[in-house]
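Q: Structure below; questions to follow.
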Amino acid sequence: MKQLDDAAAVIAFDPAVFEILRHPQRTVETTFPVKMDDGASRIFSGYRVQYSNARGPYKGGIRYHPAVDMDEVMALAFWMTIKTAVVNVPFGGGKGGVTVDPKKLSLGERERMTRAFIRSIDDIIGSKKDVPAPDVGTGPEEMAWIADEVSRLRGVADPGVVTGKPIEAGGSEGRNKATAQGGMYALQAIRAAGDVPSPARVAVQGFGNAGQWIARLLAEGGDLVVGVSDSKGGIIKEDGLDVAAVTSHKEATGSVAGFPGAKTVTNAELLTGERDILVPSALENQITAENAPRLRAKLILELANGPTTPEADAILRERGIIVIPDVLANAGGVAVSYLEWEQNRTGAHWPESEVLERLATIMSEATVAVRERALRYGVDFRRAAFILALERLSEAIKSKGWV
Ligand code: GLU
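Anchor point for the sequence shown: position 371 equals 359 in this note's numbering, and the numbering is continuous, going up by one each time.
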């Protein structure tokens, strides 16, 4: 809400539109029992927030994490509303989650829990209503179960009810790398503005889907990935990490920590080291008023949702550190979700080259539009992105006669 206020302070928006965007349209909280492997049943809490469908069906991922609660899901659903507007895909914003550590579930438990959660929200999702996708702690496997569960419940195959599916279950080429690839396109367009050297020295916080892919793509592009971390620890190698080897190490051991030949560091050290580009790719609220004064990056590419607190954001602005905000930087994920949904509507399957070409166009149009607002209003890229989204949301809300 602070980010919304910041953008609205720059230009005048209809207060009635504003009031609509301050409230989620629907919030749903469910509990559902799951049979665990030991025979006992356990109750889980699930959430789905349908923040806005002003621009199209609600859209957003499902998160499995112990910290998931209504507050977090609501914030993430709000950001989806902004994000889909920034990249101009015909969706609104939503988000879901289950409060659970998925690493502590067996494969069977994870499948039964996913199916049970979907049954608990089945009446509110649909390819023309609300389309889930992966987020932290979920991936293609869960999306395939979701599509299957919905088709069992309804007796119709409707793969567009969820995106981020495996290729063989109606997924799109390029969806797995989409978040990072979209971030690369935005970075390429903005990087020069930040006086960032090439090759740049990069640190990536978080080594899930987005973090692994961005490390790989940056290294392939000639930058030097000197540090990465995950929830279990961080590693630094000043002359550059072999990203493929780190990925294999994580697959084998469950963490990047302990990678041979690298120095072990804390998350704090990873964030504040001497880097040109910092890529937070994990959770919210990582760059705070406490560490923002000590960051030594020239540019921050926010692949995570909400990694920077509003207080930290003000400090970064003052310090002249360029921030490519989450609602632009990580929008490649939902952009390719849109392309997947579009393919599902017609039964098409496009080659990766076509998907990436369309993604590049979506991202470059969005980046150009954000930069144009930044220059026009003399604001940072986050406020510029929010202004762009507010323009598009206002038009949709007004054209529908909601205000
Ligand atoms: N969870 C991703 C995000 O936060 C993807 C959402 C989607 O594809 O719908 O943007």
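From the three backbone atoms N, C-alpha and C, an ideal C-beta is built for every residue, glycine too.
(1) Can you look up V192 in the DSSP assignment and give me helix, strand or coil?
(2) May I have the straight-line CA-CA distance separating W133 from W329, to the nearest angstrom?
(3) The beta strand (DSSP E) with L287 in it runs from where to where?
(4) Name the one or two DSSP bridge partners that H53 has.
(5) Measuring only the C-alpha atoms, how far is N293 from Q274?
(6) Go through its chain and collect everything with a Cβ distance to K165's Cβ below 7 angstroms, but skip five positions before and after it.
(7) Rounded to whole angstroms, what is the Cα-Cα separation between S392 and V343?
(8) Grouping DSSP H, G and I as helix and E and B as strand, with all else coil, what is L64?
(9) Helix, strand or coil for L266, going by three-state DSSP, please let me know.
(10) To which residues of the same chain is S29 closer than 8 angstroms at the C-beta, ignoring the five residues directly before and after it?
(11) My guess is that A317 and V75 are in contact by the Cβ rule of under 8 angstroms, so how many angstroms apart are they, rounded?
(12) Which residues bound the beta strand (DSSP E) around S40?
(13) Would G152 and A121 be called neighbours here (beta carbons separated by less than 8 angstroms)?
(14) Three-state secondary structure (DSSP) at K(-10)?
(15) Which of the three DSSP states is assigned to T355 in this structure?
(16) CB R163 to CB A384, shorter than 8 angstroms?
A: Checking against the coordinates, here is how it stands:
(1) Residue state, collapsed to three classes: strand.
(2) Rounded to the nearest angstrom, the two C-alpha atoms are 17 angstroms apart.
(3) Looking at the DSSP string, the run of the beta strand (DSSP E) that includes L287 is L287 to L289.
(4) According to DSSP, H53 shares a beta bridge with T87.
(5) Q274 has its alpha-carbon roughly 10 angstroms from the corresponding atom of N293.
(6) Here K165 has W201 as same chain residues with Cβ atoms under 7 angstroms from its own Cβ, once five neighbours each way along the sequence are excluded.
(7) This structure cannot speak to residue 392, because the chain is shown only from -11 to 391.
(8) DSSP, reduced to helix, strand and coil, places L64 within a helical segment of the structure shown.
(9) Residue state, collapsed to three classes: strand.
(10) The answer, listed in chain order, is P21, V22 and K23.
(11) In this structure, A317 and V75 do not form a Cβ contact; the two beta carbons are roughly 11 angstroms apart against a cut-off of 8 angstroms.
(12) S40 -> beta strand (DSSP E) spans S29 to S40.
(13) A contact, by the Cβ cut-off of 8 angstroms.
(14) Three-state DSSP puts K(-10) in a helix.
(15) In this structure, T355 counts as helix in the three-state DSSP scheme.
(16) Going by C-beta atoms, R163 is not nearer than 8 angstroms to A384.
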